[in-house]
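The structure appears right after this line, and notes come after that.
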Amino acid sequence: MNRSIKWRALVVLAVIVVALVYLYPTVAPRDKETNEPKLPKFWQKVLPTEMINLGLDLKGGMHVVFEVQVEEAVDAAMDRNIEEIRFTLRKDRIPLAEATRNEAGQIVLVLAKPEHLDQVNKILNSDFRFLKTVSTKTEGDQVRITLGLDPKEDERIREWAVSQSLETIRSRVDQLGVSEPDIRPQGKDRIILQLPGVEDPNKVKNLLSKTARLEFKLVDEAHSVDSALRDGAPPGSELLYQTEYDPQTGREKKTPFLLRKRVQMTGEYITDARVALDQYNQPYVSLRFDSKGARLFERITGNNVKKRLAIVLDDNVYSAPVIQDRISGGRAQIEGRFTMEDARDLAIVLRAGALPASVKMLEERTVGASLGSDSIRQGVTSIIVGMLLVLTFMLIYYRKSGAIADLALVFNVLLIAAALAAFRATLTLPGIAGIILTIGMSVDANVLIFERIREEVRLGKTPRAAVDGGFSKATWTILDANITTLIAAIVLFQFGTGPIRGFAVTLSVGIVSSLFTAMFVSRLVFDYLLVQKKMKHVSV
Amino acid sequence: MEIIKPGTHIDFVGKRKYAYAVSLILVAITILALFIRGGPNYGVDFAGGVLIEVQFHQDTTAQDVRSAMADLNMAGASIQRFGAVGHNEFLIRVQDTGQELEGLTNKVHQALAQKYGQDQVDIRRVEMVGPKVGEDLRQKALFAVFYAILFILIYISGRFEMKWMMSLAVSAALMATVILLSHIGAGITWLILIALLVTLAVCFILKLQNALGAIVALIHDVSITMGIFAVLDKEITLSIVAALLTIVGYSLNDTIIVFDRIRENSRKQRKMSLAEVINQSINETLSRTILTSGTTLVVVLCLFFLGGPVIRDFALALIVGVLVGTYSSVYVASPILLLWPDQAGQKSGAPSLKGSGNKKAKA
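Read top to bottom, the protein sequences are chains F and H.
Its first residue numbered 1192, the first sequence is counted upward by one per residue in the working numbering.
Its first residue numbered 3, the second sequence is counted upward by one per residue in the working numbering.
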């Protein structure tokens, strides 16, 4: 018995030390600037350095779920295909009466001259392998070909849209300088973001969900804006608006522009975007293109001198300056009635790139920092008061054995905290509630043992036999009861997110650790008292 | 110190008819309350919509807040005081009516800032849940509760009646059926409710007594807790579902302690009728039951009073759950074992003992 006590005591001691080591970073004095714990050098090399991770509801921050509208990416890909088909057929002098995308997302080609059908099919088969012919119909003297996208390619585009959106959003978040952001995909088309300590959640939301599709389009000089407003835009052109928001009057001014639909160039060639001040100290955004973009831009400006080139972002016209001269050197400027803030945001969004498809916000949970710190304060108070009450009660009711239970309880809380730090689990407000609940329920294991011991004593057994009997009879009962609660906690963990997971984690950890402390640690103390101190009478 | 003197003998089993009446009344109130309220009061987590917690640095009333937001065309919004009066905290809740939820927070903030002053308004918390996600979460919650009950069925049938294989087979079949039906597009709420009833029937037919007793007690506890919430018109949020699952675990805890004693005693006391065995077991575990419930209750009361308004409803659910859970272990779970008076809970091959002959099932 002696040897076994020594070994067990060592085990318990080892566990205590490990727990304290894991806990130290959380309670160590913090560096004033970085708020990181100040740990001695040797510690940083070998020992754990993580503090307990606080959830968003305690730290303050944003949790957002975006759904990537993958349909748009597929449609955009089909549109690009249409452009290329048009281009290719024109080269071979095959006239097209129509080339559009129908409601089902398929491409519809109408050949003006049916005798070209074979040639067209050959071209489609060789150059457009991802497009499968769905149907070919002859209507009078025209042939209508409907093309669908190969399902594997469809799938690939969708996946690409999501991963690209993820990268773009990540890039934007990086530029915002949020500390410890957590961005990950969920399911087939969702992205979850957790951004702790965000000052202005609205601005961040806007920034992240902006599609930021930059397009350069020519102004339609041949038709008048007014007649378009009256009768609709002529074919090949569209009406887009420039929206100016006057912060003083709070009113929006919308100026219509008639633009040629055809996109001259997009923002994909932008390598850099910076905010600069012009001669009137007004901020503008200066763009730089890569070599391909620079050449393209040079060609566009060269072909359209004295015409106006509209800069369109997400179908909003920013400006439509007159092209004075051919622009080489790959630079351009976006001017408008910007505030410094707007200009910076635009630059961020252009630098990070456009989202391949728009994103819809499905879920948002934001907790302000003030609520976060209030919650921590209230949570900790509850734990302390709750613990004190239970500790006192156990002492009164079970006397010396109560003291043993109290020891086990304190040890329990220590273990839970250390486990949270060690597993880098997140502590949330429900998680704190979980700790408190564990305090109440862990008492149960001890109560079961002590009640059994009392029974054994009443039956007249010796202290050793009473303790033995009490523990052995209670063990399976304790296990049964706790395992079922553990089942509920595990199910909660699986189905829950965020705060609920935090609760499931502390509950589970609490159950496991209370099993350990009640059965191993309490037993150890009892054995020690019985053997070493030769306890004659069980104080319970 | 002892709260329950040894040798206490309260006739729980004899008084069980009064308990049935009480249970019936409580369950009836629950159903009535849910009916009157038109279903559970789903929070934004499940119904979708926006919830904004605002704190003002000056005294104000819900009326004032509403008038400040008058221009926003949010007539259906509910504005409630939250927490103590001096704190000037309010919850603004907008139902999901399909309108643009995304920009709403901003507009509300601006409207309030205009009326009260920029630094007088502090947006403490925002929760926005789109309708798709709300629906998702609702389904997940229901599945979670159902799966938990199935796993528990397996564990109890195994530990108390050694019927591991049977319970595993039955649970697997039930799980598979539910998953299949849910994919076909059956309404999840009704599906799970019916599945629960089927599970009970199966337990009854297969004589999985302990599981049946435990599960009926569970359903009893969860229903009554939801009923209280319906009566008080409190919201069912994700936290509350977490509390309900905890109650499931806790109530079970309790029930198992009693079952365990019953099993032990029926092995020891071959001459006693099942009813007497149950009575004795409950009396023996009474001390422990009161103590554990007591400490858990004390601790949850701390949460309720000190934990702050965000956790308060969660604590309330736990308080009700602990109380009802303790009660159900004694008066709901145990009497169900009396449906099979000659089986006494395990396969010890004991000679059949005639019970009190009372075949009345728990209503």
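For every residue, glycine included, the Cβ atom is placed at its ideal position computed from N, Cα and C.
All figures in this text were calculated on a predicted structure; none of them were measured in a lab.
Taking the beta carbon of V131/H as reference, the chain F residues within 7 Å of it are E1554, listed in sequence order. Shown here for A232/H: same chain residues with a beta carbon closer than 6 Å to its own, the five before and five after excluded, namely A35, L36, R39 in chain order. Here the stretch 251-258 of chain H makes contact with the stretch 1662-1681 of chain F; the two share three or more CB pairs at distances below 8 Å. Nothing from the stretch 1356-1378 of chain F brings a Cβ to less than 9 Å from some Cβ of chain H. Bounds of any alpha helix (DSSP H) do not take in N1507/F; it lies within the beta strand (DSSP E) bounded by 1507-1510. Per DSSP, the continuous beta strand (DSSP E) segment holding A1501/F begins and ends at 1500-1504. Buried is the label assigned to F1448/F, since at least 16 other Cβ atoms lie within 10 Å of its Cβ.
If only complete runs of 4 or more residues are kept, the stretch 105-167 of chain H shows the alpha helix (DSSP H) at 106-118, 133-163, in order along the chain.
Put simply, the CB of K236/H is far from chain F, with every gap to its CB atoms at 9 Å or more.
In the three-state reduction of the DSSP assignment, P1305/F falls in the helix class.
Straight across, the Cα-Cα distance linking F1488/F with A1267/F is about 22 Å. Contact note: P1621/F reaches chain H through S241, A244, I313, F316, using a C-beta cutoff of 8 Å and chain order.
Around the beta carbon of A1413/F, fewer than 16 other beta carbons sit within 10 angstroms, so the residue counts as exposed.
The beta carbon of R68/H is closer than 7 Å to those of I81 in its chain, skipping five residues each way along the sequence.
Cα atoms of T1629/F and V200/H: separation of roughly 33 Å, rounded to the nearest angstrom. With the rule of 3 Cβ pairs closer than 8 Å, the stretch 1609-1624 of chain F does not count as touching the stretch 324-343 of chain H. Going by DSSP, V204/H is part of no beta strand (DSSP E) but of the alpha helix (DSSP H) stretching over 190-207. The C-beta of E137/H comes no closer than 9 Å to any C-beta of chain F. Taking 4 residues as the minimum length, the alpha helix (DSSP H) runs contained wholly in the stretch 6-90 of chain H are 18-39, 46-49, 64-70, in order along the chain. Counting C-beta atoms within 10 angstroms of its own C-beta, T10/H has fewer than 16 neighbours from the protein chains shown and is therefore classed as exposed. Pairwise C-beta distances place the stretch 1240-1254 of chain F out of contact with the stretch 1330-1338 of chain F, as fewer than three of them are shorter than 8 Å.
About 20 Å separates the beta carbons of A1538/F and S1356/F, which is beyond the 8 Å limit, so they are not a contact pair.
Here H59/H has Q122 as same chain residues with Cβ atoms under 6 Å from its own Cβ, once five neighbours each way along the sequence are excluded. Shown here, S331/H sits in a helix according to DSSP, grouped into three states. The stretch 1558-1574 of chain F makes no contact with the stretch 1377-1384 of chain F, as fewer than three CB pairs between them are under 8 Å.
One Cα belongs to V1712/F, the other to S1704/F, and the distance between them is close to 10 Å. Against chain F, the CB of Y252/H has a partner CB under 9 Å away; the residue lies at that interface. Between F14/H and E55/H, the CB-CB gap reaches or exceeds 9 Å.
At a cut-off of 9 Å between beta-carbon atoms, M1632/F makes contact with chain H. With respect to the 9 Å criterion, G327/H and D223/H are classified as neighbours on the basis of their beta carbons. N1293/F sits in coil when the DSSP states are folded into three classes, being neither helix nor strand. Under the 8 Å Cβ criterion, the stretch 317-324 of chain H does not count as touching the stretch 1580-1587 of chain F, having fewer than three qualifying pairs. Following the DSSP letters along the chain, one finds P1392/F inside the alpha helix (DSSP H) bounded by residues 1392-1400. Counting along the chain, no alpha helix (DSSP H) covers G1368/F, and no H or E run does either. For E1443/F, no Cβ of chain H is located within less than 9 Å of the residue's own Cβ.
Counting the other Cβ atoms within 10 Å of the Cβ of F1662/F gives 16 or more, which makes it buried.
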